[in-house]
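If you read the sequence shown in the working numbering, its first letter stands for residue 29, the second for the next number, and so on.
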Amino acid sequence: MAVGLGLSIGTVNSVTALADTASAKAPPGLLGHRRHARPTPSVTRRTTLSFDSTGSARVGLIPRHGRAITEFADLGRRDGTTARVGHRTLRPADLVAVVTDCLITEAMSDRRAVGAEVALTHPANYGPDELAELRGALDAIGLHHVALVAEPVAAAAWLEEERGPLMPGLALVYDLGGASLDVTLVRVGAGRPRDPIVGVPLRSADFGGRAFGALLAARGSGASSMAGSANELADESRAEHARASLELVYRCLRTADVTMADVDCVLVVGGAARPPEVSGVLAAQLARPVVVAPDPERTTADGAALLARTAAFAAESAQRRNKGLLRTRRKLTRVASAAALSAGGVALAFAPTADGAVAGSAPLGLF
29 MAVGLGLSIG
39 TVNSVTALAD
49 TASAKAPPGL
59 LGHRRHARPT
69 PSVTRRTTLS
79 FDSTGSARVG
89 LIPRHGRAIT
99 EFADLGRRDG
109 TTARVGHRTL
119 RPADLVAVVT
129 DCLITEAMSD
139 RRAVGAEVAL
149 THPANYGPDE
159 LAELRGALDA
169 IGLHHVALVA
179 EPVAAAAWLE
189 EERGPLMPGL
199 ALVYDLGGAS
209 LDVTLVRVGA
219 GRPRDPIVGV
229 PLRSADFGGR
239 AFGALLAARG
249 SGASSMAGSA
259 NELADESRAE
269 HARASLELVY
279 RCLRTADVTM
289 ADVDCVLVVG
299 GAARPPEVSG
309 VLAAQLARPV
319 VVAPDPERTT
329 ADGAALLART
339 AAFAAESAQR
349 RNKGLLRTRR
359 KLTRVASAAA
369 LSAGGVALAF
379 APTADGAVAG
389 SAPLGLF
């Protein structure tokens, strides 16, 4: 059975998702309706690292004594966190690799995950240097088998699985996370290229869970302490925050020389995108269909798991073809050997004897 494990390591949270062939959606039934797949298992951990006295790493825990390492997941930050473990200094890429290893080890406790293909997502704005740094850190601890996939590409894979088959077109991926907002245009549907990203992916730390928290704290300092007023203030501020982020959306469109009229849908992902005000503002202001998963924080990891499952299925299919070819080759070899032995027997049966007669001819009444 083809199994894929998807990992999404964000600044605040890390998500692990598993997809197997049993979780794939069935083809349309007699009435033309798809039968929905069963939910795939996922695990969410805080993106923190702590090391014990032996150097063993643990993810998602805040130790009672000592400190937890945070703020290392974004390799695009030049001031990223480093850690000293033993006699070695771990760079941000090394820390991400350690988290990856811990998450894989934890996932393998589920028997369904054993032997799974693994895909790790990364921000779409990573350049060759960041990707090479991450690839090198993974390889250094034996994670050569972990594939790297851009976050919006993984999100688009989830969209294809849930809403597909999609017509060829453009999807705008609006990823509102804990520390930033990422906006990317991705080609979807049949015929999409291997690299489906269109234009330039844009990221801004002015939006996201932390930026909104700071905004709310500043505005709420002089507001009424009544719960109703506080909730109204939060809803209004969140909607205003989402409207302000539209400038980043329009900038992203300009990098691809397209407009919202060219976009088929808006896919909203990220943990900070859970409140309905976010998708509501986007739907009203952009006038395009908006798609949001029940838990948008796990969408990227789910998509990565689906891509990993596809790779696992392709590998299994290739292995079956190779086994089939090997069986056919062996069968042909046996047939050829049998034919050679048979031909040798016939030649021996009709070979001339010492007196000039043909061996085996007398019983046949030929002479």
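Note that beta-carbon positions come from the ideal geometry of N, C-alpha and C, so glycine has one too. In this text, all values refer to a predicted model and were calculated from it rather than measured experimentally.
Between the alpha carbons of H172 and A147 lies a distance of about 11 Å. Under the three-state reduction of DSSP, S81 is assigned to coil, being neither helix nor strand.
Within the same chain, R73, R74, T76 come within 7 Å of G88 by CB-CB distance, once the 5 residues on both sides are set aside.
A Cβ-Cβ contact shorter than 8 Å links A165 with D122. Around the beta carbon of V142, fewer than 16 other beta carbons lie within 10 angstroms, which makes this residue exposed.
DSSP lists I37, R73 as the beta-bridge partner residues of S42. Under the three-pair Cβ rule at 8 Å, the stretch 277–287 does not count as touching the stretch 185–197. Membership of V291 in any beta strand (DSSP E) is not indicated, and neither H nor E is assigned to it by DSSP. Counting along the chain, G227 sits inside the beta strand (DSSP E) bounded by residues 225–232. Contact between E134 and G32 does not hold, since the beta-carbon distance rounds to 16 Å and is not under 8 Å.
In this structure, the alpha-carbon of Q313 lies about 11 Å from that of V306.
Shown here, Y202 sits in a strand according to DSSP, grouped into three states. For the stretch 148–198, the full-length alpha helix (DSSP H) segments reaching 4 residues or more read 156–168, 179–191 along the chain. In the DSSP assignment, A239 falls outside any beta strand (DSSP E) and lies within the alpha helix (DSSP H) extending over 237–248. Residues D48, T49 of the same chain have their beta carbon placed closer than 6 Å to that of M29, with the five preceding and five following residues left out of the count. Per DSSP, reduced to three states, the secondary structure at T212 is strand. Ranking R105, D330, A332, A111 by CA distance to the CA of F79 puts A111 first. Contact annotation: S70 and V43 have beta-carbon atoms nearer than 8 Å. Using a 10 angstroms sphere on the CB of Y278, the tally of other CB atoms stays under 16, which defines it as exposed.
Across the set R95, G237, L131, A152, the C-alpha of A152 shows the shortest separation from the C-alpha of D102. Counting the other CB atoms within 10 Å of its CB gives S257 a total below 16, which places it among the exposed residues. V319: member of the beta strand (DSSP E) spanning 318–320, first to last residue. Under the criterion of beta carbons closer than 8 Å, A333 and L46 qualify as touching, at roughly 6 Å. Pairing D292 with R139, the inter-Cα distance amounts to about 39 Å. With contacts defined as CB atoms closer than 8 Å, P221 and V214 fail to qualify as a contacting pair. D157 and A321 have their C-alpha atoms some 32 Å from each other. Assigned with DSSP and collapsed to three states, G114 falls in coil, not helix or strand. Taking the Cα positions, A340 is about 16 Å away from M136. Under DSSP, D48 shares a beta bridge with V31.
Annotation for A135: the continuous alpha helix (DSSP H) segment containing it runs 120–135.
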